[in-house]
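A.B. asks: Heads up: the sequence shown runs through residues 0 to 345, numbered per this note's numbering.
Just so it is clear, CB atoms sit at the ideal spot from N, CA and C, and this is done for glycine as well.
Predicted model, so just to flag it, every value in this text is computed and none were measured.
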Amino acid sequence: MSSQTAVPAFSVLSGAQVHDVLSGNEKHIVDIIDTAYRVHGRHDTVNPPSYFLNFPDRPTARIIALPASLGGDNRVDGLKWISSFPENVANGLPRASAVLILNDHDTGYPFACLESSIISATRTAASAALAADWLTRDRGRPTRVGFFGVGLIARYIHTYLAATGWSFDEIGVHDLSQAHAAGYRDYLRDSGTGARVTVYTEAEDLIRNSDLVVFATVAGRPHVTDPAWFAHNPVVLHVSLRDLSPEIILASSNVLDDVEHCLKANTSPHLAEQATGNRDFIDGTLYQVMTGAVTPRPDRPLVFSPFGLGVLDLAVGKYVYDEVARRGDLATVEGFFHELTRYGTR
Ligand SMILES: NC(=O)c1ccc[n+]([C@@H]2O[C@H](COP(=O)([O-])OP(=O)(O)OC[C@H]3O[C@@H](n4cnc5c(N)ncnc54)[C@H](O)[C@@H]3O)[C@@H](O)[C@H]2O)c1
Numbered sequence: 000m001s002s003q004t005a006v007p008a009f010s011v012l013s014g015a016q017v018h019d020v021l022s023g024n025e026k027h028i029v030d031i032i033d034t035a036y037r038v039h040g041r042h043d044t045v046n047p048p049s050y051f052l053n054f055p056d057r058p059t060a061r062i063i064a065l066p067a068s069l070g071g072d073n074r075v076d077g078l079k080w081i082s083s084f085p086e087n088v089a090n091g092l093p094r095a096s097a098v099l100i101l102n103d104h105d106t107g108y109p110f111a112c113l114e115s116s117i118i119s120a121t122r123t124a125a126s127a128a129l130a131a132d133w134l135t136r137d138r139g140r141p142t143r144v145g146f147f148g149v150g151l152i153a154r155y156i157h158t159y160l161a162a163t164g165w166s167f168d169e170i171g172v173h174d175l176s177q178a179h180a181a182g183y184r185d186y187l188r189d190s191g192t193g194a195r196v197t198v199y200t201e202a203e204d205l206i207r208n209s210d211l212v213v214f215a216t217v218a219g220r221p222h223v224t225d226p227a228w229f230a231h232n233p234v235v236l237h238v239s240l241r242d243l244s245p246e247i248i249l250a251s252s253n254v255l256d257d258v259e260h261c262l263k264a265n266t267s268p269h270l271a272e273q274a275t276g277n278r279d280f281i282d283g284t285l286y287q288v289m290t291g292a293v294t295p296r297p298d299r300p301l302v303f304s305p306f307g308l309g310v311l312d313l314a315v316g317k318y319v320y321d322e323v324a325r326r327g328d329l330a331t332v333e334g335f336f337h338e339l340t341r342y343g344t345r
């Protein structure tokens, strides 16, 4: 007797639905990211290298494919397909746009397509907040944070730090664009932060006056090159990955999300590996710090470089899907899968 598998449904989840589920839920999302890092650290994931689609006629643009498979209790497979078009910003559009496809574990069928610029920003910010927490446990909590490059990602990281219990005496802001710096300063003031907000026109002043530095620029190659700026040993969330020169990386303790991923695509740690021919400058991964297997070297700057893992998008995307389904709000596309009988019979 043959058993028939039900025809999978296919749903489309809008950015409004995604935002509705995630907004105000920051602590829970950090827990989801914490779990995803642990599942990845236990090798219960498949997370191949991201594929970068570049364009000869649009050299600043790219679209990246991040296929992944997440194990653990909430297993799911899928693909994030995310565009970065930095010139969008001048035209009033966000730089990044994205979709996330979720695939069923047993049949492989895609069962959902989610707006994913919000999921991507959310998992990036949750990962940064998680890292900031773990990496300051032995160093004392910074009270002066500096945001270097202040677009959408910097806003999400501030939201996640604030929502997970961080409070700052001083918040520094630096951006190549004075308009962006002013917009971020206004956002901070509207967010009700009690901190003193300072816009620094000089990058050096921002770094020297911050114990926690968040890089979220779109720089393609290192533009911060003087290790002396980091003489006070700040913790650095190097989210944009390509801002720091190899000299600064080599003078720091370095924690990555995934070593093989991060030593690619001309990230600053990749440049440091090319300069030295070894990986001795890497202390370990965030998972190793979280499990006590690694303690980063003290008495030097501590740089966290997260390449950004597709399994994190899957973990957040699956949570959003399950939550929208639980609320009975899934918008299913009727008849999405159409050719379903082997010989066209009914
Ligand atoms: N590691 C990850 O997992 C991950 C995930 C998502 C985004 N990102 C990265 O985060 C970065 C920020 O993304 P976004 O969406 O906020 O971009 P965005 O374009 O909205 O903002 C970037 C800001 O950086 C400023 N900037 C650019 N170069 C600068 C420089 N040299 N010095 C100072 N400021 C500079 C720009 O003026 C802009 O305000 C991107 O590089 C993106 O690739 C990383």
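When you compare the CB positions of R122 and I28, do they come within less than 9 Å of one another, or not?
C.D. replies: On the sequence shown, residue 122 is found 123 positions in, with the first residue counted as 1. On the sequence shown, residue 28 is found 29 positions in, with the first residue counted as 1. It is a contact, given that the beta carbons lie within the stated cut-off.
A.B. asks: To the nearest angstrom, how far is the alpha carbon of M0 from that of V6?
C.D. replies: On the sequence shown, position 1 is the one that residue 0 refers to. On the sequence shown, position 7 is the one that residue 6 refers to. Note that M0 scores a pLDDT of 36, beneath 50, so its modelled location is shaky; the value from the coordinates is reported in the next line. Going from the Cα of M0 to the Cα of V6 covers about 19 Å.
A.B. asks: To the nearest angstrom, report how far apart V332 and R325 are at their CA atoms.
C.D. replies: In the sequence shown, residue 332 corresponds to position 333, counting from 1. In the sequence shown, residue 325 corresponds to position 326, counting from 1. The straight-line gap from Cα to Cα measures roughly 18 Å.
A.B. asks: Is L175 near ligand 1 - that is, is its Cβ less than 8 Å away from at least one heavy atom of it?
C.D. replies: Translated into the one-based positions of the sequence shown, residue 175 becomes position 176. At least one heavy atom of ligand 1 is nearer than 8 Å to the Cβ of L175, so yes.
A.B. asks: Under 9 Å between the Cβ atoms of S68 and G77?
C.D. replies: Translated into the one-based positions of the sequence shown, residue 68 becomes position 69. Translated into the one-based positions of the sequence shown, residue 77 becomes position 78. Yes, Cβ-Cβ distance for S68 and G77 is below 9 Å.
A.B. asks: Helix, strand or coil for T224, going by three-state DSSP, please let me know.
C.D. replies: Locating residue 224 in the sequence shown gives position 225, where the first residue counts as 1. In the structure shown, T224 sits in coil (DSSP, three-state: anything other than H, G, I, E or B).
A.B. asks: Would you identify the three-state DSSP class for D210, choosing helix, strand or coil?
C.D. replies: Translated into positions along the sequence shown, residue 210 becomes position 211. Correct three-state label for D210: coil.
A.B. asks: Around the C-beta of G343, are 16 or more other C-beta atoms found within 10 angstroms, so that it is buried, or is it exposed?
C.D. replies: The sequence position of residue 343 within the sequence shown is 344, counting from 1. Of the residues assessed, G343 falls on the exposed side of the cut-off, its CB having fewer than 16 other CB atoms within 10 angstroms.
A.B. asks: Do I118 and V319 come within 9 Å of each other at the CB atom, strictly closer than that value?
C.D. replies: Numbered from its first residue, the sequence shown carries residue 319 at position 320. Numbered from its first residue, the sequence shown carries residue 118 at position 119. For V319 and I118, yes; Cβs fall inside 9 Å.
A.B. asks: Once DSSP output is grouped into helix, strand and coil, what is the label at E348?
C.D. replies: The first residue shown for the chain is 0 and the last is 345, placing residue 348 beyond what the model contains.
A.B. asks: What residue range does the alpha helix (DSSP H) around P268 cover?
C.D. replies: Position 269 of the sequence shown, counting from 1, holds the residue named residue 268. Counting along the chain, the alpha helix (DSSP H) containing P268 begins and ends at 267 to 275.
A.B. asks: How long is the line joining the alpha carbons of A97 and V223, rounded to whole angstroms?
C.D. replies: If you number the sequence shown from 1, residue 97 lands on position 98. If you number the sequence shown from 1, residue 223 lands on position 224. Cα to Cα, the separation comes out at about 29 Å.
A.B. asks: What did DSSP end up calling G327 once you bin it into helix, strand or coil?
C.D. replies: Along the sequence shown, read from residue 1 onward, the residue named residue 327 stands at position 328. Residue state, collapsed to three classes: coil.
A.B. asks: Going by the DSSP bridge assignment, what does T197 pair with across the sheet?
C.D. replies: Start at 1 with the first residue of the sequence shown, and residue 197 comes out as number 198. DSSP output for T197 lists G171 as bridge partner(s).
A.B. asks: Is it right to say D257 is buried, meaning 16 or more other beta carbons lie within 10 angstroms of its own, or is it exposed?
C.D. replies: By 1-based counting over the sequence shown, the position of residue 257 is 258. Its Cβ being crowded by 16 or more others within 10 Å, D257 is buried.
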